[in-house]
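Throughout the sequence shown, residue numbering follows this note's numbering, covering 16 to 378 in sequence.
Each residue gets a CB set at the ideal place from its N, CA and C atoms; glycine is no exception.
Since this is a predicted model, take the numbers as computed values, not measurements.
Notes follow the structure.
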Amino acid sequence: MDQFVVGIDWNTTYSQVSYWRPGSPEPESLSVGKGEEQYEIPAGSLEELLKKTMRLLRPVERLGMAAAVVFSVKQADTQTVEQVKAAAMQAGIQEERIYVQTDEESFCAYVMHQSRDIYSHQVALFSYEENCLKACMLVLNQRRLPCLVRVEEQEEWQIPDMGDLTREEQDAYFASLILRMFDQRVVSTAYLLGNGFEERWYENSLKVLCAGRRVFAGNNLFAKGACYRAAELSGEEPPVSYLYFGNDKIPCNVGICVMNGQRDGVEVLIPAGVNWYEAKAECEVILYDKPVVEILFQPLQGTSMLKESILLDGLPERPSRATRLRVEVTFTKKTSCQVRIWDLGFGELFPATNLSWEEEVDV
């Protein structure tokens, strides 16, 4: 495969675009001016952003030819995802090549594609935009394979009125925030993101921040993280062995009980870590003796397993293996799974009925 991929950081203040081509050591940021290192595209509608992106990418490749396009957004709710997909499809991108993820997941993807020493311990991100300084921490459980990664945020890790303070007060508040965050933690790396860090008002804070750890500054982290993720999703880049658990990810593997020869087994329908609004699976099964379908929910963290047995009430009596069913599994929210089952019958001998069953499972 020799297609390229694109990552887009869609923001209310400004946006950035990165692209990756096979053979490149890392994603390249798209500059808005020829021969200039100016990567911030002024805020506007998503439709306007995509038009500018298509124009700026023209010397490289057509946007519609990208193997995958990942949009990084502040909040990936259902409405935002639908809005992004509609605009991207209007711009000529095939629906199956469009992906939406949060800035936190883009942060995770960026970090996990760096050298191992960057994430040998926890990784901090400080963002300073629109007079608000806030922070989050990338926490890794490297004792498991794949490595489990989550982003931790606390309300106290933000200073909403930084622009109202003097430079000395800003420096002092930032230093105190660092000390609060890093208390009893081992932090290997910190990133500074946002226009608020362009002026060097944080000299003393920087000394605290750099004590025993690496520090990087820049504004294209989310776009590059989205681009790394696009390379993974398209198969252009071998996936890194990690699993990100965010607020929009389902916390368990969802499977269906099946017979494998003479032994019971489980066929995984939806793996843990998928965005709940994109989690959907469908399969057809042949029913054995009992009119019951068993759905299993196995969390990656912990050993408890939930088994939901769905009774196919009213199903006509038929011989064993003479009933074909269609099973559909979707999520209505992160912890609510909807299972639908339809009777498809079995050929001319046992015609399909209009029977269907539906159950909501709290996981």
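Item, Value
"Using the Cβ count rule (16 or more neighbours within 10 Å means buried), how would you classify Met127?", "buried"
"State yes or no: is the C-beta of Asn146 nearer than 8 Å to some heavy atom of the ligand ADP?", "With respect to small molecules bound, the structure shown includes none, and the ligand ADP cannot be examined in it."
"Which one of Thr68, Pro40, Pro42 has the shortest CA to CA distance from Trp25?", "Thr68"
"Tell me whether the beta-carbon of Cys123 lies closer than 9 Å to the beta-carbon of Ala139.", "no"
"Inspect the CB distances between the stretch 133-147 and the stretch 95-114 and report whether three or more fall short of 8 Å.", "no"
"Can you name the start and end residues of the alpha helix (DSSP H) that Arg165 belongs to?", "Counting along the chain, Arg165 falls outside any alpha helix (DSSP H), though it belongs to the beta strand (DSSP E) covering 162-167."
"Please state the DSSP three-state secondary structure of Lys239.", "helix"
"Name, in chain order, the residues that DSSP records as bridge partners for Thr204.", "Val138, Arg229"
"Can you tell me whether Met16 is buried or exposed, with buried defined as 16 or more other CB within 10 angstroms of its CB?", "In this prediction, Met16 scores a pLDDT of 43, lower than 50, which makes its location untrustworthy; the coordinate-derived value is nonetheless stated afterwards. Burial call: exposed."
"Just the Cα atoms here: how many angstroms apart are Thr95 and Pro331?", "44 Å"
"Would you kindly report the start and end of the unbroken alpha helix (DSSP H) that includes Phe189?", "182-197"
"Grab me the residues of Tyr303's own chain with a C-beta within less than 6 Å of its C-beta, minus the 5 sequence neighbours each way, in chain order.", "Ser335"
"In this structure, does DSSP put Ala150 in helix, strand or coil?", "strand"
"Name the two residues that bound the continuous alpha helix (DSSP H) containing Tyr125.", "118-127"
"Taking C-alpha atoms, which residue in Phe260, Val99, Pro175 lies nearest to Lys149?", "Pro175"
"Taking C-beta to C-beta, are Ala294 and Thr350 nearer than 9 Å?", "no"
"Go ahead and pull the three-state DSSP assignment for Met16.", "For Met16, the predicted model reports a pLDDT of 43, less than 50, meaning its position is unreliable; a value from the coordinates is still stated below. Coil at Met16, not helix or strand."
"Are Ala308 and Leu327 closer than 9 Å when you measure CB to CB?", "For the record, residue 308 in the displayed sequence is Val; it is not Ala. Contact: yes."
"Please specify which runs of the alpha helix (DSSP H), each continuous and at least 4 residues long, are wholly inside the stretch 274-359, giving them in chain order.", "none"
"When the distance is taken between beta carbons, is Cys162 closer than 9 Å to Ser256?", "yes"
"Using three-state DSSP, classify Glu373 as helix, strand or coil.", "strand"
"Ile356 to Lys264, Cα distance in whole Å?", "24 Å"
"By how many angstroms is the C-alpha of Lys222 removed from the C-alpha of Asp198?", "16 Å"
"Could you give the residue range of the beta strand (DSSP E) that holds Gln105?", "Run containing Gln105: none in the beta strand (DSSP E); it sits in the alpha helix (DSSP H), 93-105."
"Measure the alpha-carbon distance for Gln137 versus Leu194 and round it to whole angstroms.", "15 Å"
"Taking C-alpha atoms, which residue in Trp172, Ala245, Glu184, Gln157 lies nearest to Trp35?", "Ala245"
"Identify which residue in Tyr217, Gly209, Gln109, Val281 has its Cα closest to the Cα of Glu183.", "Tyr217"
"Looking at the strands, I want to know which residues DSSP matches up with Val32.", "Ile23"
"With Phe260 and Val164 assumed to form a contact (beta carbons below 8 Å), what rounded beta-carbon distance in angstroms separates them?", "7 Å"
"If you drop the 5 nearest sequence neighbours on each side, which residues of the same chain put their C-beta closer than 7 Å to that of Met196?", "Ala139, Ala150, Met152, Trp172"
"Identify the residues that DSSP records as bridge partners of Pro57: which are they?", "Tyr29"
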